[in-house]
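Trainee: Just so we're aligned, residue 25 is where the sequence shown starts under the working numbering, counting upward by one.
C-beta: ideal position from N, C-alpha, C; glycine also.
If you scroll down you'll find the structure; I have some questions about it.
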Amino acid sequence: MESTVTVPGGRRIPRLGFGTYQIAPRDTEQRVGEALRAGYRHIDTARYYRNEKGVGAAVRASGLVRDDIWITSKLPIDADGADEVNRAVDATVDALGTHVDLYLIHWPRPRHGRYPRTWQALRSAQAAGRLREIGVSNFHQAQLDRILADGGPPPAVNQIEAHPHFANNAVRRFCAERGIAVAAWSPLGAGSVLRDPTIAAVAREAGRSPAQVILRWHLQRGDIVLPKASTPQRIRQNAAVFDFALDARQMTRIDQLDRGEAGRTGPNPERL
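This is the structure in structure tokens:
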């Protein structure tokens, strides 16, 4: 299995990422450093998380070649238009102390109707050489259609909630048909997913942890995954997902856990 996804611009995104949501700024450098030592080469952050500075510090302290690490960050949730986008890019680069590989619109907030203008501002920043790759997060089909209708290349990535209880298959299919890579935030779902009897049974069969089984399910579906973890042991365990495979029957059993909207654990983007 390939450990990277190639986006239309030709760059390769590591499919195993480390999520930093809710990691306190004071803990970020240590936690991200542990992830890099465990083999993660994709770190996901955001202006909203207030921990970009710690991400950059960990990358510098790692001793790794910068181009071997992929950093994803996201605009402030209320960013709107060229001036605010450019200020946000400056703030992210300053906090990281390095370039950002992928910059996303964090939430479309369709009720405000401003995301097409913000997308155009991101495209302009990319054309000016200020951003390498651009994408979106939490976009449904209608919002994707809106920005694609303006022409130009599609977003490199759509980062969405996805896990066995909320597979988000309609959005995933839509993205696949248009060459948009999908990254799963909250890939392990809530505690109920990790405790699901089917997941536990497959984990016993595979001789793996429930979290490893869920992450492997994502990878075999073609997703980028961004698990969070709070201990070095869990960080290392979540990284050990490329040396085993689930068979077709096991994949189907996990597929059947999808609860549709009832399984969603985060906010519905349509209501923001």
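Could you spell out the range, first to last residue, of the beta strand (DSSP E) harbouring aspartate 68?
Mentor: From DSSP, the beta strand (DSSP E) with aspartate 68 extends over 66-68.
Trainee: Among residues of its own chain, excluding the 5 on either side of arginine 277, which ones have a beta-carbon nearer than 6 Å to its beta-carbon?
Mentor: The answer, listed in chain order, is Thr222.
Trainee: Going straight from the alpha carbon of arginine 121 to that of alanine 81, what length do you get?
Mentor: Residue identity differs from the one stated: residue 121 is glycine in this sequence, not arginine. Taking the CA atoms as reference points, glycine 121 sits about 8 Å from alanine 81.
Trainee: Are isoleucine 238 and leucine 212 closer than 8 Å when you measure CB to CB?
Mentor: yes
Trainee: From this set, Thr28, Pro32, Met25, which residue's C-alpha is nearest cysteine 199's C-alpha?
Mentor: Cysteine 199 has its Cα closest to that of Pro32, out of Thr28, Pro32, Met25.
Trainee: What does serine 161 pair with, by DSSP beta-bridge criteria?
Mentor: Within the DSSP bridge table, the entry for serine 161 names Gln183 as partners.
Trainee: Straight-line CA distance for glutamine 274 to glycine 63?
Mentor: 27 Å
Trainee: Does the segment 97-109 come close enough to the segment 65-76 that 3 or more CB-CB pairs lie under 8 Å?
Mentor: Contact between the segment 65-76 and the segment 97-109 is present, because at least three Cβ pairs lie under 8 Å.
Trainee: Please go through the same chain and pick out, in chain order, the residues whose beta-carbon is closer than 7 Å to the beta-carbon of glutamate 148, but skip the five residues on each side of it.
Mentor: Correcting the residue type first, residue 148 is serine in the shown sequence and not glutamate. Same-chain partners within the cutoff: Ala106.
Trainee: Is tryptophan 143 close to chain B? Criterion is C-beta to C-beta, closer than 8 Å.
Mentor: In the structure shown, chain B cannot be found, because there is only a single protein chain.
Trainee: Less than 7 Å separating the Cβ of lysine 98 from some heavy atom of the ligand GTP?
Mentor: The model depicted lacks the ligand GTP and carries no ligand whatsoever.
Trainee: Alpha carbons only, please: which of Ala59, Ala112, Val113 is nearest the one belonging to isoleucine 93?
Mentor: Ala59
Trainee: Counting only runs of 4+ residues fully inside the segment 123-160, write out the alpha helix (DSSP H) ranges in chain order.
Mentor: 139-151
Trainee: With C-beta atoms as the reference, is leucine 250 less than 8 Å away from aspartate 68?
Mentor: Going by C-beta atoms, leucine 250 is nearer than 8 Å to aspartate 68.
Trainee: Among the residues of its own chain, which have a CB less than 6 Å from the CB of isoleucine 204, if the five just before and after it don't count?
Mentor: Cβ neighbours of isoleucine 204 beyond the five flanking positions: Pro178, Pro179, Asn182.
Trainee: Distance, Cα to Cα, histidine 189 vs glycine 215?
Mentor: 11 Å
Trainee: Going along the chain, which unbroken runs of the beta strand (DSSP E) with 3 or more residues stay wholly within the segment 36-111?
Mentor: 36-38, 66-68, 94-98
Trainee: Candidates Gly78, Val109, Val113, Arg65: which alpha carbon is nearest arginine 90's?
Mentor: Here the closest residue by C-alpha is Arg65.
Trainee: Of all the options Arg135, Leu126, Ala186, which has the alpha carbon lying nearest to the alpha carbon of valine 160?
Mentor: Leu126
Trainee: Give the single residue among Arg36, Leu281, Glu76 whose Cα lies nearest to the Cα of glutamine 54.
Mentor: Glu76
Trainee: Taking alanine 207 and isoleucine 248 to be in contact with their CB atoms under 8 Å, please state how far apart those CB atoms are, rounded to whole angstroms.
Mentor: Taking a contact as a CB-CB distance under 8 Å, the pair alanine 207 and isoleucine 248 counts as one, their CB atoms being some 4 Å apart.
Trainee: On the DSSP bridge list, what partners appear for phenylalanine 190?
Mentor: His187
Trainee: Locate the alpha helix (DSSP H) running through valine 29, then write down its first and last residues.
Mentor: Looking at the DSSP string, valine 29 is not in any alpha helix (DSSP H); the run it does join, the beta strand (DSSP E), is 28-30.
Trainee: What are the residues that DSSP puts in a beta bridge with isoleucine 223?
Mentor: Isoleucine 223 pairs with nothing; no bridge assigned.
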